[in-house]
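J.:
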Amino acid sequence: MTEVLNQLFIGGAWVDAADGATMPVDDPATGEILSHVADAGAKDARLAEEAAVQAQAAWARTAPRARSEILRRAHEIILERTDELAHLMTSEMGKPLAEARGEVAYAAEFFRWFSEEAVRIDGGCGTLPDGRNRMFLSRRPVGPCLLITPWNFPLAMGTRKIGPAIAAGCTMILKPAPQTPLSSLALAGILKEAGLPDGVLNVVTTSRAGEVCEPLLRGGRIRKLSFTGSTAVGRLLLAQCADTVVRTSMELGGNAPFIVFDDADLDVAVDGAMVAKMRNMGEACTAANRFFVHRPVAEEFGRRLAERMGALVVGPGTRDGVDVGPLIDTVGRAKVEELVADAVERGAQVLVGGRTPEGPGCFYPPTVLADVSPESRLMDTEIFGPVAAILTFDDEDEVLRRANDTPWGLVGYVFTEGLDRGLRVSEGLEVGMVGLNTGLVSNPAAPFGGVKQSGLGREGGRVGIDEFLEYQYVAVPVR
Ligand code: NAP
Numbered sequence: 004m005t006e007v008l009n010q011l012f013i014g015g016a017w018v019d020a021a022d023g024a025t026m027p028v029d030d031p032a033t034g035e036i037l038s039h040v041a042d043a044g045a046k047d048a049r050l051a052e053e054a055a056v057q058a059q060a061a062w063a064r065t066a067p068r069a070r071s072e073i074l075r076r077a078h079e080i081i082l083e084r085t086d087e088l089a090h091l092m093t094s095e096m097g098k099p100l101a102e103a104r105g106e107v108a109y110a111a112e113f114f115r116w117f118s119e120e121a122v123r124i125d126g127g128c129g130t131l132p133d134g135r136n137r138m139f140l141s142r143r144p145v146g147p148c149l150l151i152t153p154w155n156f157p158l159a160m161g162t163r164k165i166g167p168a169i170a171a172g173c174t175m176i177l178k179p180a181p182q183t184p185l186s187s188l189a190l191a192g193i194l195k196e197a198g199l200p201d202g203v204l205n206v207v208t209t210s211r212a213g214e215v216c217e218p219l220l221r222g223g224r225i226r227k228l229s230f231t232g233s234t235a236v237g238r239l240l241l242a243q244c245a246d247t248v249v250r251t252s253m254e255l256g257g258n259a260p261f262i263v264f265d266d267a268d269l270d271v272a273v274d275g276a277m278v279a280k281m282r283n284m285g286e287a288c289t290a291a292n293r294f295f296v297h298r299p300v301a302e303e304f305g306r307r308l309a310e311r312m313g314a315l316v317v318g319p320g321t322r323d324g325v326d327v328g329p330l331i332d333t334v335g336r337a338k339v340e341e342l343v344a345d346a347v348e349r350g351a352q353v354l355v356g357g358r359t360p361e362g363p364g365c366f367y368p369p370t371v372l373a374d375v376s377p378e379s380r381l382m383d384t385e386i387f388g389p390v391a392a393i394l395t396f397d398d399e400d401e402v403l404r405r406a407n408d409t410p411w412g413l414v415g416y417v418f419t420e421g422l423d424r425g426l427r428v429s430e431g432l433e434v435g436m437v438g439l440n441t442g443l444v445s446n447p448a449a450p451f452g453g454v455k456q457s458g459l460g461r462e463g464g465r466v467g468i469d470e471f472l473e474y475q476y477v478a479v480p481v482r
């Protein structure tokens, strides 16, 4: 394991917080302190902003090929260091090593994808309908960006924003979640090694998010906010962006329906459920939150899912053979406990799990609840834990109405062998993404994002870079 980076990264230099403050980073599997990192305040934010603003003009002028090659080198370095990055991520976040390795590959792929997009930023020219005026259209970087990321995918949520920002020619300040700053700092080290010029990426770790971010958003020099996190915080940040009309991308919370029809292949549906529910211990915005199962197959689906969930091995993510690591912290686990208790009080049956184990670490067992009341709190709250809540339905119209009866619209899952029905229900779901007979939708080449209160804009895919570019049109009359 190489040295763990723990200072702020500003203007290409590693520095302490101006007031010398530090904050602890805990291992959720033991509750012990892993490391301390710099805890930035408003003064550090101003320094990071100045570095990003100063670097912007020269960075915007660099050749797209040069930006592309930095991303390509960083992609390769990340892959070469898969094991050490996976260990770092597991130790600060808890996910099992196999999943952490998967995230390293997923995160690296955003850099490869956007290295390919950097050299394909299109423009255009043409004759306007009057036949006299010409139009020259170019695309230019939006300017210095603030990128705010959550703790659940510490590396991939960073590369999904940094990749397109670099490709587009934007400079940036990254503020990672305080629970998982180490992966972001490691990423900054890798980008520096890959040749990223000083000031293009600045990383500010802090326990004082509001103090650091609000002046940046209200100050008028940051031109773009790309945020991934909860809908509640997203709303607050949108309001902060309003005064200076900062452009925003918002990847917010979800409340994914997982719909199983009676003509589904139940093996495929249970496999899909294991991924859609258990990836990242259920701590994913894409996690299936509400399982709607057609009445004729509900009992069998519940039995099979409970059998698979009950066979998972829970323990520290670094231990061989572990499938389910700890939840992020005691607050996250207490929320899961409360939601399960509420569902049980309202009549849900516990098919497996449901009881917090004794001992250190924030562990919670894979849990399946059947006969969940639609009134239960977990129907309109992101569970963010390994709990599958099953409800039954009788027909297609009814399930679509119930699935859409939520302010969120990130992703939905549909299991049926009927192509007509699969497409009809997918199109009827008010979501940005659908897994049709699959529990996994995330892919760097596909546009990721939601509708309704799940967000604004898309990350990844051909359109991911658009979020960091503005159009400029030059009108030229030909005399
Ligand atoms: P969160 O509490 O909203 O925090 C997300 C980030 O915002 C953290 O870095 C947090 O730092 C920061 N933050 C909080 N208040 C802030 C403020 N006033 N000003 C500036 N920054 C602020 O969410 P989380 O608990 O970390 O992550 C889980 C949520 O993220 C879930 O809702 C999940 O669905 C969502 N998510 C969405 C996607 C997607 O692509 N749609 C992907 C992953 C996760 P502090 O912790 O220091 O406050």
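For the sequence shown, the residue numbers in the numbering used here are 4 to 482. Note that CB positions come from ideal geometry on N, CA and C, so glycine has one too. Quantities reported herein were computed from a predicted structural model and do not represent experimental measurements.
Could you name the residues that DSSP lists as bridge partners for alanine 16?
T.: Indexing the sequence shown from 1 puts residue 16 at position 13. Ile13.
J.: Among Gly362, Glu303, Val454 and Leu204, which one has its Cα closest to the Cα of leucine 74?
T.: Residue 74 sits at position 71 when you count from the first residue of the sequence shown. Answer by Cα proximity: Leu204.
J.: Which same chain residues end up closer than 8 angstroms to methionine 4 when comparing Cβ atoms and leaving out the 5 residues on each side of it in sequence?
T.: As a working mapping, residue 4 is identified with position 1 in the sequence shown. Note that methionine 4 scores 49 on pLDDT, short of 50, meaning its location in the model is unreliable; the coordinates nonetheless yield the value given after this. Same-chain partners within the cutoff: Glu87, His90 and Leu91.
J.: I'd like to confirm something about serine 233: is its beta-carbon nearer than 6 angstroms to some heavy atom of the ligand NAP, or not?
T.: Here the question's residue 233 lines up with position 230 in the sequence shown. Checking the Cβ of serine 233 against the ligand NAP gives yes.
J.: Which full runs of the alpha helix (DSSP H) of 4+ residues lie inside the region 44-126, going along the chain?
T.: Counting whole runs of 4 or more residues, the region 44-126 contains the alpha helix (DSSP H) stretches 45-64, 67-83, 85-96 and 100-121.
J.: Could you have a look at phenylalanine 387 and say whether DSSP puts it in helix, strand or coil?
T.: One-based indexing of the sequence shown puts residue 387 at position 384. Coil at phenylalanine 387, not helix or strand.
J.: Kindly indicate which three-state DSSP category arginine 163 falls into: helix, strand or coil?
T.: The sequence position of residue 163 within the sequence shown is 160, counting from 1. Reduced to three states, the DSSP call for arginine 163 is helix.
J.: Does the separation of the CB atoms of alanine 391 and phenylalanine 304 fall below 7 angstroms?
T.: The sequence position of residue 391 within the sequence shown is 388, counting from 1. The sequence position of residue 304 within the sequence shown is 301, counting from 1. No, they are not a contact pair.
J.: When every heavy atom of the ligand NAP is checked, does at least one fall within less than 6 angstroms of the C-beta of cysteine 244?
T.: Residue mapping note: residue 244 aligns to position 241 of the sequence shown, counting from 1. Cysteine 244 Cβ: outside cutoff for every heavy atom of the ligand NAP.
J.: When you compare only the Cα positions, how much space is there between phenylalanine 328 and serine 445?
T.: One-based indexing of the sequence shown puts residue 328 at position 325. One-based indexing of the sequence shown puts residue 445 at position 442. Correcting the residue identity first, residue 328 is glycine in this sequence and not phenylalanine. Their Cα atoms are separated by approximately 21 angstroms.
J.: Where in the region 161-242 do unbroken runs of the alpha helix (DSSP H), each at least 4 residues long, occur, reported from the N-terminal end onward?
T.: Taking only runs of at least 4 residues, the alpha helix (DSSP H) segments lying wholly in the region 161-242 are 184-196 and 212-221.
J.: Taking 7 angstroms as the cut-off, decide whether the C-beta atoms of leucine 403 and valine 375 are in contact.
T.: Position 400 of the sequence shown, counted from the start, is the residue given in the question as residue 403. Position 372 of the sequence shown, counted from the start, is the residue given in the question as residue 375. Going by C-beta atoms, leucine 403 is not nearer than 7 angstroms to valine 375.
J.: Taking one C-beta from the region 260-274 and one from the region 132-139 each time, how about it: are there three or more such pairs within less than 8 angstroms?
T.: In short, these stretches do not touch, since the Cβ pair count stays below three.
J.: Which two residues bound the contiguous beta strand (DSSP E) that contains phenylalanine 418?
T.: As a working note, residue 418 is residue 415 in the sequence shown. Here the beta strand (DSSP E) through phenylalanine 418 covers 414-418.
J.: Do the CB positions of leucine 422 and serine 457 come within less than 7 angstroms of each other?
T.: The residue given as residue 422 occupies position 419 in the sequence shown. The residue given as residue 457 occupies position 454 in the sequence shown. No, they are not a contact pair.
J.: Return the bridge partner residues of glutamine 475 from the DSSP annotation.
T.: Locating residue 475 in the sequence shown gives position 472, where the first residue counts as 1. Its beta-bridge partners are Ser141.
J.: Go through the region 309-384 residue by residue and report every complete run of the beta strand (DSSP E) that reaches 3 residues or more, in order.
T.: Whole beta strand (DSSP E) segments, 3+ residues: 352-355 and 370-373.
J.: Are the CB atoms of alanine 61 and aspartate 42 within a distance shorter than 7 angstroms?
T.: Numbered from 1 along the sequence shown, position 39 holds the residue referred to as residue 42. Numbered from 1 along the sequence shown, position 58 holds the residue referred to as residue 61. Going by C-beta atoms, aspartate 42 is not nearer than 7 angstroms to alanine 61.
J.: Flag isoleucine 13 as yes when its Cβ comes closer than 6 angstroms to any non-hydrogen atom of the ligand NAP, and as no otherwise.
T.: Indexing the sequence shown from 1 puts residue 13 at position 10. Checking every heavy atom of the ligand NAP against the Cβ of isoleucine 13, none is found closer than 6 angstroms.
J.: Considering only the alpha carbon of each residue, which of Asp22, Met312, Pro31 and Val7 lies closest to arginine 336?
T.: By 1-based counting over the sequence shown, the position of residue 336 is 333. Selected option, being the one with the closest Cα: Pro31.
J.: What does DSSP give as the partner residues of arginine 293 in its beta bridges?
T.: Position 290 of the sequence shown, counted from the first residue, corresponds to residue 293. According to DSSP, which records beta bridges pairwise, arginine 293 is partnered with Pro260.
J.: Distance, Cα to Cα, valine 107 vs phenylalanine 156?
T.: Locating residue 107 in the sequence shown gives position 104, where the first residue counts as 1. Locating residue 156 in the sequence shown gives position 153, where the first residue counts as 1. Looking at the two C-alpha atoms, the distance is approximately 10 angstroms.
J.: For a test of the three-state rule: what should DSSP assign to serine 252, helix, strand or coil?
T.: Here residue 252 refers to the residue found at position 249 of the sequence shown. It is a strand residue.
J.: Glutamate 6: buried (16+ other C-beta within 10 angstroms of its C-beta) or exposed?
T.: Numbered from 1 along the sequence shown, position 3 holds the residue referred to as residue 6. Its Cβ having fewer than 16 others within 10 Å, glutamate 6 is exposed.
J.: From the DSSP output, in three-state form, read off glutamate 35 for me.
T.: Taking the sequence shown and counting its residues from 1, the one referred to as residue 35 is at position 32. Here glutamate 35 sits in coil by DSSP.
J.: Cβ of proline 153 versus every heavy atom of the ligand NAP: is any distance shorter than 6 angstroms?
T.: Within the sequence shown, the letter at position 150 stands for residue 153. Checking the Cβ of proline 153 against the ligand NAP gives yes.
J.: Who pairs with glycine 3 in a beta bridge, going by DSSP?
T.: Look at the range of the chain in this structure, 4 to 482, and you will see that residue 3 is not part of it.
J.: Taking 7 angstroms as the threshold (C-beta atoms), are valine 145 and phenylalanine 366 in contact?
T.: For the purposes of this step, residue 366 is identified with residue 363 of the sequence shown, where counting begins at 1. For the purposes of this step, residue 145 is identified with residue 142 of the sequence shown, where counting begins at 1. Not closer than 7 angstroms, so no.
J.: In the DSSP assignment, find the unbroken beta strand (DSSP E) run with valine 28 in it and report its ends.
T.: Your numbering for residue 28 matches position 25 in the sequence shown. Valine 28 -> beta strand (DSSP E) spans 25-29.
J.: Who are the near neighbours of isoleucine 80 in its chain, counting only those whose CB is closer than 8 angstroms to its CB and skipping five residues on each side?
T.: Counted from its first residue, the sequence shown places residue 80 at position 77. Answer for isoleucine 80: Ile193, Glu196 and Ala197, listed in chain order.
J.: Return the bridge partner residues of glutamate 392 from the DSSP annotation.
T.: Start at 1 with the first residue of the sequence shown, and residue 392 comes out as number 389. Per the sequence presented here, residue 392 reads as alanine, with glutamate not at that position. Answer is Leu372.
J.: Can you give the Cα-Cα distance for glycine 256 and glycine 324, rounded to whole angstroms?
T.: In the sequence shown, residue 256 corresponds to position 253, counting from 1. In the sequence shown, residue 324 corresponds to position 321, counting from 1. Going from the Cα of glycine 256 to the Cα of glycine 324 covers about 30 angstroms.
J.: The alpha helix (DSSP H) spanning leucine 403 covers which residue range?
T.: Here residue 403 is taken as the residue at index 400 of the sequence shown, counted from 1. First-last of the alpha helix (DSSP H) with leucine 403: 399-407.
J.: Within 10 angstroms of the Cβ of threonine 183, are there 16 or more other Cβ atoms? Answer buried if so, exposed if not.
T.: Taking the sequence shown and counting its residues from 1, the one referred to as residue 183 is at position 180. It is buried - the Cβ of threonine 183 has at least 16 other Cβ atoms within 10 Å.
J.: Check whether the region 120-134 and the region 169-177 are in contact - that is, three or more C-beta pairs closer than 8 angstroms.
T.: Result yes; three or more Cβ-Cβ pairs closer than 8 angstroms.
J.: Who are the Cβ neighbours of phenylalanine 114 in its own chain at under 6 angstroms, not counting the five residues just before and after it?
T.: On the sequence shown, residue 114 is found 111 positions in, with the first residue counted as 1. Contacts found: Leu74, Ala77, His78, Thr162 and Gly166.
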